[in-house]
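Student:
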Amino acid sequence: MGVLNLYTEVLESGLELYFIKSDSMLELDPLRYESDFKTLGFALRLNTLSMIKAAGSGHIGSSFSAIDLMLACRTFLSDNPQNVFFSSKGHDAPGLYAVMNAHGEIPDSFLLKLRRMEGLPGHPEVGSFGIPTSTGSLGMGISKGKGFWYSRKNLNSTVTVLLGDGELQEGQIWESLPGASRDNMQGLIAIVDGNKIQSDTWVDKTLPLGDLRKRVEGSGWLYFECDGHDYSSIKETLAHAKTESQRPVFIYAHTKKGSGVSFMERFDSNGKFYKFHSGSPSDQDYMSAVNELVKKLGFSHELNWSQSIAFKNGIDVESDDLTPKTRNQSLIQIWAGILEELFESDKSLIALDADLSYDTGTYKVADKFSAQYIQCGIAEQDMVSMAGTLALSGKIPFVHSFASFLTTRAAEQIFNNLSENSKVIYCGFLAGVLPSAPGHSHQAVSDFGIVSSFPNIEIFEPACETEMSLMKSLVYESDKSIYLRVGSVDLPEKVDPKMVQLGRITQRKFGEKYAIITSGPSMAKIALEVARAESENEIAVFTYPTPKRHFNLEDMKLISNFEKVLVIENHLPSPGIFSQLLEHFQSSDAKVKLIRSGISELPRNGQTQEVLEHHGMDVDSLAKAFRN
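Under the working numbering, the first residue of the sequence shown carries the number 241, and numbering increases by one thereafter.
What follows is the structure, encoded as structure tokens:
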């Protein structure tokens, strides 16, 4: 095949990963030749796929739909060094890195360091290989673009931001448009990756965008459409955008999610679930996709797949098992079952979801109790305010999203609901520093502090299935709103239900001399590992699923008997377990040495173990805290 060089890296499993070296891609000229543009597109998809496979997580579909657009922007808008391009989507980060690698901006060695601490962040972060701004929390893109435009308005440059079509559901997008036209922001270009799929299903089935042209033109922008995978169509449209003399330009590019690999462009056989939105491909899917891409690149030789891996070439994806799964998040599956049980017996309950039904467990309610389910799309503020008036109308709304988005984007709306004394169940998922691979935008470590500062709300953070089951009682027994803080890693072992009581600590391991107290599954599991590594009999382990509540007097007496107590908090310092214990022991006669371990800075992005080690929250670091 021409100038392209194919090389391999071998994973510990024995699977070969295939890449195209950047030095060979630099010899291609997409600015002049359509054939080079197409070839680069397939090469970038191959590299993106292998990056995600090596990382063990990432977003294939979004990267593949956006790659041609990112390549075009970096190619056709590169005439002025003052030009700015960035993607607001966040999920297409692997594709963006592949494009940057093809331009010689990211070394080949970093392609295997996606979602690693000293490698490539899971979502774009400012300063990483010259990336101009951090993205991943949706809706901010055009506003950030306007800031760049104001700083460069006399430099005859362009500011181009790539958006997702699901992202257009965020209210900030529509706040940002009128000011750009008012100030005649010539050179500001917004391009939408219109793959028509968000998360796991269709945009129009989630929250329809309506007549987009009319909405955009009504805000004073010039509107174009193009084929986001066609060289001539993209090039011509960008040329029009560059020559527009006064107005900002909005381009809707028609694309396909998973474009470039035939079976990754399709839904499951029921047309309900898109498999390749998030996660690492299976070995079989990876190899099938690589075989298809290398054929399109013109390589004729057989790929040297490991003999240890069973592989059926040309799999029939339609018959493959594409059952929606909750991506190994055990508490989510448990929560889905609890929701189903609650909704079966109470018609006053309403579930609201922000386009994350499989990530938050609402899919069962959506299927079985559709009259009690509202899909709000990527519009957290709208969802929370709607829940407030549902509560005032006699309903009990359950609001679902990732914790980082629910508590930050909708903090004002939550506070407003609380001021009305309405009862809402706020369910925040991916809570805490883990999972760490997606990066800062998805690591919820400020959520606890935000919510704990509000009146009239409980925080409930279960560590296991037994503690999670307390929600069935808490929903009805508490007269306050509730923030359910859900971690999403492997769970510690179950405890005897007799050991679990609402408002009390849960003793997960007996010990005579020292104690560890924490909340949530990830820290509970680590605490148990620390205790067993140090001494089988010396260290007790407790979890406290209601960390905002004052401790029961009996529990406080029990804790006061230990010489040393380590509190592990999976959030930034804020009123919680540690502050309560500190206040108590400072005013009592108990001689207890109190230690806090937790997040005290912006969390690092990377693989679980390296991030825990960096923050001193791994088993070895915590054990040293006891020994010292």
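Note that beta-carbon positions come from the ideal geometry of N, C-alpha and C, so glycine has one too.
In this text, all values refer to a predicted model and were calculated from it rather than measured experimentally.
Output the distance between the C-alpha atoms of Leu317 and Thr288, rounded to the nearest integer angstrom.
Tutor: Looking up residue 317 in the sequence shown gives position 77. Looking up residue 288 in the sequence shown gives position 48. Cα to Cα, the separation comes out at about 22 Å.
Student: Which residues bound the beta strand (DSSP E) around Lys804?
Tutor: Here residue 804 is taken as the residue at index 564 of the sequence shown, counted from 1. Unbroken beta strand (DSSP E) run through Lys804: 804-809.
Student: Going straight from the alpha carbon of Gly344 to that of Arg506, what length do you get?
Tutor: Walking along the sequence shown from the start, residue 344 turns up at place 104. Walking along the sequence shown from the start, residue 506 turns up at place 266. Cα to Cα, the separation comes out at about 33 Å.
Student: With contact counted as at least three CB pairs below 8 Å, one residue from each stretch, are the segment 420-433 and the segment 482-496 in contact?
Tutor: yes
Student: Classify Pro761: buried if its beta carbon has 16 or more other beta carbons within 10 angstroms, exposed otherwise.
Tutor: What you label residue 761 is simply residue 521 of the sequence shown in a count that begins at 1. It is buried - the Cβ of Pro761 has at least 16 other Cβ atoms within 10 Å.
Student: Determine the direct distance from the alpha carbon of Leu579 to that of Thr477, and round the result to whole angstroms.
Tutor: Mapped onto the sequence shown, residue 477 falls at position 237. Mapped onto the sequence shown, residue 579 falls at position 339. Put simply, the backbone Cα of Thr477 is about 48 Å away from that of Leu579.
Student: Quick check: the Cα distance between Glu252 and His824, rounded to an integer number of angstroms?
Tutor: Residue mapping note: residue 252 aligns to position 12 of the sequence shown, counting from 1. Residue mapping note: residue 824 aligns to position 584 of the sequence shown, counting from 1. C-alpha separation (whole angstroms): 50 Å.
Student: Cβ of Gln683 within 8 Å of Cβ of Val691?
Tutor: Within the sequence shown, numbered from 1, the residue matching residue 683 stands at position 443. Within the sequence shown, numbered from 1, the residue matching residue 691 stands at position 451. Cβ distance not < 8 Å, so Gln683 and Val691 don't count as in contact.
Student: Residues in its own chain within less than 6 Å of Leu710 by CB, not counting five upstream and five downstream?
Tutor: The residue labelled residue 710 in the question sits at position 470 within the sequence shown. The answer, listed in chain order, is Leu742.
Student: Using 10 angstroms around the beta-carbon of Tyr390, count the other beta-carbons present and answer buried if the total reaches 16, otherwise exposed.
Tutor: One-based indexing of the sequence shown puts residue 390 at position 150. The residue in question, Tyr390, is exposed, as its Cβ has fewer than 16 Cβ neighbours within 10 Å.
Student: Assuming Gly330 and Pro372 form a contact by the criterion Cβ under 8 Å, report the distance between their Cβ atoms to the nearest whole angstrom.
Tutor: Numbered from its first residue, the sequence shown carries residue 330 at position 90. Numbered from its first residue, the sequence shown carries residue 372 at position 132. In fact, because the Cβ distance is near 14 Å, the residues do not count as touching under 8 Å.
Student: Since Ser383 and Ser416 should fall inside the 8 Å C-beta cutoff, what is the C-beta to C-beta distance between them, to a whole number of angstroms?
Tutor: Reading the sequence shown from its first residue, position 143 is the one you call residue 383. Reading the sequence shown from its first residue, position 176 is the one you call residue 416. Yes, Ser383 and Ser416 are in contact; Cβ-Cβ is about 5 Å, under 8 Å.
Student: Starting from Glu256 and walking both ways along the beta strand (DSSP E), at which residues does that stretch end?
Tutor: Along the sequence shown, read from residue 1 onward, the residue named residue 256 stands at position 16. From DSSP, the beta strand (DSSP E) with Glu256 extends over 256-260.
Student: What number of angstroms, rounded off, separates the C-alpha of Leu537 from the C-alpha of Ile491?
Tutor: Looking up residue 537 in the sequence shown gives position 297. Looking up residue 491 in the sequence shown gives position 251. Each residue's Cα considered, the two are about 29 Å apart.
Student: Quick one: residues in its chain with C-beta nearer than 7 Å to the C-beta of Asn777, no 5 flanking neighbours on either side, listed in chain order?
Tutor: Within the sequence shown, numbered from 1, the residue matching residue 777 stands at position 537. Take Asn777, set aside five residues on each side of it, and the residues of its chain with a beta-carbon closer than 7 Å to its own are Gly751, Glu752, in chain order.
Student: Decide if His790 is buried, meaning its Cβ has at least 16 other Cβ atoms within 10 Å, or exposed.
Tutor: Walking along the sequence shown from the start, residue 790 turns up at place 550. With fewer than 16 other Cβ atoms within 10 Å, it is exposed.
Student: Between the segment 589-598 and the segment 638-648, do three or more beta carbon pairs fall short of 8 Å?
Tutor: yes
Student: So, at 6 Å on beta carbons, what are the nonlocal neighbours of Asp561 in its own chain, with the 5 sequence-adjacent residues on each side left out?
Tutor: One-based indexing of the sequence shown puts residue 561 at position 321. Summary for Asp561: the model assigns pLDDT 34, below 50, so the residue's position carries little reliability, and this model does not support an answer.
Student: Between which two residues does the alpha helix (DSSP H) harbouring Ala493 extend?
Tutor: Numbered from its first residue, the sequence shown carries residue 493 at position 253. No alpha helix (DSSP H) holds Ala493; the beta strand (DSSP E) holding it covers 489-494.
Student: Spatial neighbours of Tyr471 within its chain, please: CB distance less than 6 Å, with the 5 preceding and 5 following residues excluded, ordered by chain position.
Tutor: Residue numbering aside, residue 471 sits at position 231 when the sequence shown is read from its first letter. These residues qualify, in order along the chain: Glu274, Phe277.
Student: Between Gly296 and the rest of its own chain, which residues show a CB-CB distance below 6 Å, the 5 nearest in sequence each way excluded?
Tutor: Indexing the sequence shown from 1 puts residue 296 at position 56. The answer, listed in chain order, is Ser520.
Student: Just confirm the distance between the C-beta atoms of Gly846 and Arg356, as a whole number of angstroms; I'd bet it's less than 8 Å.
Tutor: For the purposes of this step, residue 846 is taken as residue 606 along the sequence shown, with counting starting at 1. For the purposes of this step, residue 356 is taken as residue 116 along the sequence shown, with counting starting at 1. Arg356 and Gly846 do touch by the CB rule: their CB atoms are close to 5 Å apart, below 8 Å.
Student: For Ser473 versus Asp467, is the C-beta distance shorter than 8 Å?
Tutor: Walking along the sequence shown from the start, residue 473 turns up at place 233. Walking along the sequence shown from the start, residue 467 turns up at place 227. Closer than 8 Å, so yes.
Student: Hey, out of Leu582, Asn810, Glu774, whose CA is closest to Ala865's CA?
Tutor: Along the sequence shown, read from residue 1 onward, the residue named residue 865 stands at position 625. It is Glu774.
Student: So, are the CB atoms of Asn657 and Ala611 less than 8 Å apart?
Tutor: Sequence index remark: in the sequence shown, residue 657 carries index 417 (1-based). Sequence index remark: in the sequence shown, residue 611 carries index 371 (1-based). Going by C-beta atoms, Asn657 is not nearer than 8 Å to Ala611.
Student: Closer than 6 Å by C-beta to Lys804: which residues in its own chain qualify, once you throw out the five before and the five after it? Chain order, please.
Tutor: Within the sequence shown, residue 804 is the residue found at index 564, counting from 1. Taking Lys804 as the centre and dropping the five residues before and after it, the same chain places the C-beta of Tyr754, Lys833 closer than 6 Å to its C-beta, in chain order.
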